[in-house]
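According to my numbering, the sequence shown is numbered sequentially starting from 2.
Note that CB positions come from ideal geometry on N, CA and C, so glycine has one too.
Please read all numbers here as calculations on a predicted model, not as lab measurements.
Scroll down for the structure; my scribbles are underneath it.
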Amino acid sequence: MYSPCAFRVKLAKVYSSYLPFSSVRYSSSHVKSEVIDNEVQILTLNHPKSANSLSLTLMKEFLSVLESVKSSKSIRALMITGEGRFFSAGHNLHEIVQSPDVNPKEVFSMAVKVMKELAELPVPSIAAVNGPAVAAGCQLVAACDLAISAKSAIFAASGIKLGLFCNTPGVPLVRAIGLRAANELLLTGKNISADRAYELGLVHRVVDDDKLYAAGIDFAKEITQHSKDAMRLGRETLHKQASMPLMEAYTLAAEAMVQNLQFDDTKQGIQSFLNRKK
């Protein structure tokens, strides 16, 4: 058995050989944010020198963007992508295994908060996966409502190779693709291709690398044309009913249908449809 200190040193060495950039810290801005057509928020993980690892700094900046999306009256969709070669290499192991000032519990708690806030957004989220999405990076993809991937991207829940099971990535993975499919990633730790991720249902579309950004925005615009209120309520209901017994889920869904009928844009949409039928 390793002592806690020896295990941290071993883990850092093994991980650094697998993803050599993930343990480096930099002080520049870790997240870029921009808005397209006043309705699609683009959040770019912007620390390519650390393979866009989910450091505490990056996650805090990430949360700040989520707060702005939550409070916006115009944003209708959020697209998340990465700068450089990686989407995200997962957690920053420099912080977890080497930094004396950071408690690992703080890192994982912050990641849970990011995933919780992402799930509770009033608008759908889309992962535009530009490169490797590993461990917590794969978790982020699974936590988004939709995902589109560059053909060259790979996906992995590789922690088990280091003796560190990807427990938190398993939470959205099981919910996104089911236990059997998630086992392929979580139990083997192997890399899977974008095409295999599509087969498992982890991503919805695979496109040529040079078309990813534009295709991601087009995907988002398929959402923005719909009622924001209906989308907010529908998404909220989906998340709630997914963990309910069957009849409780139907009761909640029926109540949501009635509530949805009261929205002004819903009334207008239905009336317009009926008028076309005359």
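Counting the other CB atoms within 10 Å of its CB gives P246 a total below 16, which places it among the exposed residues. The alpha-carbon separation between A158 and A143 amounts to approximately 11 angstroms. For Q263, no beta strand (DSSP E) encloses it, and the DSSP letter there is neither H nor E.
Secondary structure at T82: strand, using DSSP grouped into helix, strand and coil.
L46 places its beta carbon less than 8 angstroms from that of L59.
I271 carries a helical assignment under DSSP once its states are collapsed to helix, strand and coil. According to the DSSP assignment, A151 belongs to the beta strand (DSSP E) that extends over L147 to A151. Sequence-distant partners of D196 (beyond 5 residues in either direction) whose C-beta falls short of 7 angstroms from its own C-beta, in its chain, are V207. Collapsing the DSSP output to three states places A157 in a strand. In terms of Cα proximity to A215, the closest of G202, T252 and I127 is I127. Residue pairing for L55: DSSP places it in a beta bridge opposite H92.
Rounded to whole angstroms, L67 and K279 show a C-alpha spacing of 44 angstroms. Here the alpha carbon of A198 sits roughly 43 angstroms from the alpha carbon of N276.
The stretch 86-95 and the stretch 49-59 touch, with no fewer than 3 CB-CB distances between them shorter than 8 angstroms. Counting other Cβ atoms within 10 Å of its Cβ, I149 reaches 16 or more and is therefore classed as buried. Looking only at N168, Q242, V124 and L147, the smallest Cα-Cα distance to V113 is reached by N168. The stretch 247-255 and the stretch 185-194 do not touch, with fewer than 3 CB-CB distances between them shorter than 8 angstroms.
Collapsing the DSSP output to three states places V124 in coil.
Taking a 10 Å sphere around the C-beta of N131, we find 16 or more other C-beta atoms and assign the residue as buried.
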